[in-house]
Amino acid sequence: MKLLNRSLIYLSAVFFIIIGVWSVIFYFNLKDEIRDSIDDGLDNNRLLILMKIPSDSSLLSQNEFGGNNFKIHPVSKEKALEFRDVFKDTMMYRINENDLEPVRVLHSAFEHENNYYKMTVISSLVEEDDLIEDSFWSVVSLFIILIISIIVVNNLVLRKVWNPFYDVLHQLKTYRLDKHEKSIKINSNVKEFIQLEAAANTLINRSKEAFNAQKEFTENASHELQTPIAIIIGKLELLLESQNLKDEDASTIAEVINISGRLKRLNNSLLLMAKIENKQFLDEEIISVNETAKTFLSNYEELLEFKGIAIQLEELNDLQVKINPSLIEILISNLIKNSIFHNIENGKINIQFTSDEFIICNTGMEMGLNPNTIFNRFEKDPTKVESTGLGLSISKAICDSYNVKITYEFSKNSHCFKINFKNILAAL
Amino acid sequence: MKILIIEDEVDLRETIKESLLKEQYVVETASDYATAFEKVSIYDYDCILLDIMLPNGNGLDLLEELKRTGKSENVIIISAKNSLDDKVKGLALGADDYLTKPFHIAELTARIKAVLRRKNFKGKDCIEEANLILDIQERTLLVNHQNVHLNKKEFDILNYFLSNKNRLITKTALAEYVWGDHIDQADNFDFIYYQIKNLRKKLEEANAQISIETVYGIGYKLTEK
Numbered sequence: 001m002k003l004l005n006r007s008l009i010y011l012s013a014v015f016f017i018i019i020g021v022w023s024v025i026f027y028f029n030l031k032d033e034i035r036d037s038i039d040d041g042l043d044n045n046r047l048l049i050l051m052k053i054p055s056d057s058s059l060l061s062q063n064e065f066g067g068n069n070f071k072i073h074p075v076s077k078e079k080a081l082e083f084r085d086v087f088k089d090t091m092m093y094r095i096n097e098n099d100l101e102p103v104r105v106l107h108s109a110f111e112h113e114n115n116y117y118k119m120t121v122i123s124s125l126v127e128e129d130d131l132i133e134d135s136f137w138s139v140v141s142l143f144i145i146l147i148i149s150i151i152v153v154n155n156l157v158l159r160k161v162w163n164p165f166y167d168v169l170h171q172l173k174t175y176r177l178d179k180h181e182k183s184i185k186i187n188s189n190v191k192e193f194i195q196l197e198a199a200a201n202t203l204i205n206r207s208k209e210a211f212n213a214q215k216e217f218t219e220n221a222s223h224e225l226q227t228p229i230a231i232i233i234g235k236l237e238l239l240l241e242s243q244n245l246k247d248e249d250a251s252t253i254a255e256v257i258n259i260s261g262r263l264k265r266l267n268n269s270l271l272l273m274a275k276i277e278n279k280q281f282l283d284e285e286i287i288s289v290n291e292t293a294k295t296f297l298s299n300y301e302e303l304l305e306f307k308g309i310a311i312q313l314e315e316l317n318d319l320q321v322k323i324n325p326s327l328i329e330i331l332i333s334n335l336i337k338n339s340i341f342h343n344i345e346n347g348k349i350n351i352q353f354t355s356d357e358f359i360i361c362n363t364g365m366e367m368g369l370n371p372n373t374i375f376n377r378f379e380k381d382p383t384k385v386e387s388t389g390l391g392l393s394i395s396k397a398i399c400d401s402y403n404v405k406i407t408y409e410f411s412k413n414s415h416c417f418k419i420n421f422k423n424i425l426a427a428l
Numbered sequence: 001m002k003i004l005i006i007e008d009e010v011d012l013r014e015t016i017k018e019s020l021l022k023e024q025y026v027v028e029t030a031s032d033y034a035t036a037f038e039k040v041s042i043y044d045y046d047c048i049l050l051d052i053m054l055p056n057g058n059g060l061d062l063l064e065e066l067k068r069t070g071k072s073e074n075v076i077i078i079s080a081k082n083s084l085d086d087k088v089k090g091l092a093l094g095a096d097d098y099l100t101k102p103f104h105i106a107e108l109t110a111r112i113k114a115v116l117r118r119k120n121f122k123g124k125d126c127i128e129e130a131n132l133i134l135d136i137q138e139r140t141l142l143v144n145h146q147n148v149h150l151n152k153k154e155f156d157i158l159n160y161f162l163s164n165k166n167r168l169i170t171k172t173a174l175a176e177y178v179w180g181d182h183i184d185q186a187d188n189f190d191f192i193y194y195q196i197k198n199l200r201k202k203l204e205e206a207n208a209q210i211s212i213e214t215v216y217g218i219g220y221k222l223t224e225k
């Protein structure tokens, strides 16, 4: 939900409550006011009648309302003297409405030539249900008008006010720690936005420091491990060349050199994976997967020949992807090497390039591997001790870093790896 | 041939030195930035091995200094950082090659020889040994002035052997040379053995005056007949 809409919801709720309460109070005030003025009118009528009576005594015999708005009854003196003016609401039959309608009544008593009378003056009241109905619709329309104006203000004015915020948001979204970008900058003199800018920049600087520290650690770890391994290998190789060495000792040394080679590859692979996961490979170029694969196949020409492996290429499409050049090389070469080294004598490799997929299938072990664990680190063929078991994990890490899907499938005696590049296809 | 090793790690420095002395080079060493700076300012070297991470300084700064004085083209950077940035920077500053630690001694020897060849034969990059001429640029082998066809791997292997004449090359070093850096499965000694067998046969047929000996269980050694 957008910020603008959320504020609209809160405002609507608040307006609803305020307008609701206000309209009830307003309604009662209005009703009181109307009643007051009607009462004043009734009182005025009474006085007018009283002033008329001395000149027109026929008024005294007006016992029923008839067409007039008053009636006069004679009463006893005691009753009349006890009587106090009283205003009342009551219902009276109205001929035109054919219904009982509310009226305001003034009961009063007076004395005329030592006779006592009771006088009743009426005035029709505003119909309460009509008043409620009218006020209700006015309130509703007021509410709607308010909401509409809030929407308009939100969209025209608030959007403008919030522009620096969206600007910061956009800059943060596209910010890359590794690209030596400048700090975030917004055009606003609003205090909160200036604070936001400062906070975002502080955060960025801290992340940059952490990023660089991590990068440095990776590189330093590499340095610290690589040099001792280099010394081990160098010293052993020199030792092998010394004249007075027994044959058994020499082969032991050769074995240790071989193991050091494994250590070196393991270290390299772990560092590579850390770098991929830290997203230290950033430059992207448009690269043809077809060409990359073919280059590697030609590198392995002699080995393929030696193992009697037949290659079948199906280029249904030129697969162009936007990716880091080193990473695509590592990805494709890992899969090709995999398909060669885990192949059988006189086996087959089938490579397909479709509109968005790279599929490589090879003959190999007659049993499928577990597709759920095949990409795990150190998951390896126990018969191949030399393997670091990291090749496929590296491939997976590369794919993950580009949000590209890599899957393994075993069918009809063939092990297939499928990469779907649809997320990073170069626009043609 | 005079070679300067700039490397702070004493064991590695001495190992490299010992190996280079076997190649009859004059070897000098420097263990920090200041010493290295002094030596490269005073003397001329045929090849400089330069470690990037040095105490009190960065190897790349030294390289910049060498470039300024026009001496950077015979530098081989040896770095523990397999960092593309450094590689690009180093090569842009005129370094000839970039070797990532750890490396096999045979690999370093081959790279040094390549630098020396390029420096001394001005554009013509050939190895001449006994009655063989291996042209690195054209990728051809002449034995007694007769062309001998080699496949890519055979050529690479022979190049490696000729650069390490009379030196023991372990199977591991050879496999890594043939398969490059990221090779995960080095269980391909069979293939290498097969390539060497073919290579020997071709050399024999062409009557080359060199032989590749097998040092059983360990590796190979190229010697002149």
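Residue numbers (UniProt numbering), protein chains in the order written: chain A, 1 to 428; chain B, 1 to 225.
Ideal Cβ placement from N, Cα and C applies to all residues, glycine included.
This structure is a prediction, so every number in the text was calculated from the model and none was measured.
- For the pair A/N268 and B/V148, the Cα-to-Cα distance works out to about 38 Å.
- Within the UniProt domain "Response regulatory" (2 to 116) of chain B, complete alpha helix (DSSP H) segments of at least 4 residues are found at 10 to 22, 33 to 42, 59 to 68 and 84 to 92, given in chain order.
- When only Cα atoms are considered, A/R265 and B/K2 end up about 33 Å apart.
- Looking at the DSSP output, B/G219 shares a beta bridge with B/T170 and B/V215.
- For the segment 228 to 249 of chain A, the beta-carbon criterion of a distance under 8 Å to any beta-carbon of chain B is satisfied by I229, A230, I231, I232, I233, G234, K235, E237, L238, L240, E241 and D247.
- Neighbourhood of B/R167 in chain A, by CB distance below 8 Å: E241, in chain order.
- With a contact defined as Cβ atoms closer than 8 Å, A/L303 and A/I311 miss out at about 11 Å.
- Residue environment for A/G261: buried (at least 16 other C-beta atoms within 10 angstroms of its C-beta).
- Beta-bridge annotation (DSSP): A/F15 is not paired with any residue.
- Close to B/K152, with beta-carbon spacing below 9 Å, are these residues of chain A in chain order: S298, N299, E301 and E302.
- Chain-ordered, the chain A residues with CB closer than 9 Å to the CB of B/S19 read G234, E237, L238 and E241.
- The segment 60 to 92 of chain A is shown to contain whole beta strand (DSSP E) runs of 3 or more residues at 70 to 74, in chain order.
- If you compare the alpha carbons of A/D134, A/L271, A/R377 and A/S355 with that of A/L30, the shortest gap goes to A/D134.
- Inside the segment 277 to 334 of chain A, DSSP marks whole beta strand (DSSP E) runs of 3 or more residues at positions 285 to 288, 310 to 315 and 320 to 323, from first to last along the chain.
- Within chain B, no residue has its beta carbon less than 9 Å from that of A/F211; the closest one is some 15 Å off.
- Within a 10 Å sphere around the beta-carbon of A/I95 sit fewer than 16 other beta-carbons, which makes this residue exposed.
- B/L12 reaches chain A at T227, A230, I231 and G234, counting residues in chain order whose Cβ is nearer than 7 Å.
- Contact of A/F417 with chain B is not assigned, every C-beta pair being separated by 8 Å or more.
- For the pair of segments examined, the segment 166 to 181 of chain A was found to touch the segment 193 to 203 of chain A: the number of CB pairs separated by less than 8 Å reaches three.
- Residue range F189 to E205 is occupied by the alpha helix (DSSP H) that includes B/K197.
- In the structure shown, the three-state DSSP call for A/H180 is coil.
- Beyond the five residues adjoining it in sequence on each side, A/F143 comes within less than 8 Å, by CB distance, of F15, F16 and I19 in the same chain, given in chain order.
- Residue burial annotation: A/D247 is exposed, with fewer than 16 other C-beta atoms found within 10 angstroms of its C-beta.
- The three-state secondary structure of A/P228, taken from DSSP, is helix.
- Under the DSSP assignment, A/E113 falls outside any beta strand (DSSP E); it carries neither an H nor an E label.
- Taking 8 Å as the threshold, the shortest C-beta distance from A/F217 to chain B does not fall below it.
- Secondary structure of A/E197 (DSSP, three-state): helix.
- Taking 8 Å as the cut-off, the Cβ atoms of B/I169 and B/V115 do not count as close.
- In this structure, A/L316 and A/F353 form a Cβ contact; the two beta carbons are roughly 6 Å apart against a cut-off of 8 Å.
- When beta bridges are read from the DSSP output, B/D135 appears opposite B/C126 and B/T140.
- Bridge pairing for A/V105: A/K88 and A/I122 [DSSP].
- Listed along the chain, the chain A residues whose CB falls inside 9 Å of the CB of B/E9 are T227, P228, A230 and I231.
- Closer than 8 Å to the CB of A/S401 there is not a single CB belonging to chain B.
- Nearest C-alpha to A/I122 among A/M273, A/K160 and A/Y93: A/Y93.
- Nearest to B/S83 by alpha-carbon distance, out of B/L4, B/M53, B/F155 and B/Y177, is B/M53.
- Using a CB distance below 8 Å, the part of the UniProt domain "Response regulatory" (2 to 116) of chain B facing chain A consists of E9, D11, L12, T15, I16, E18, S19, K22, M53, A80, K81, N82, S83, L84, T100, K101, P102, F103, H104, I105 and A106, ordered along the chain.
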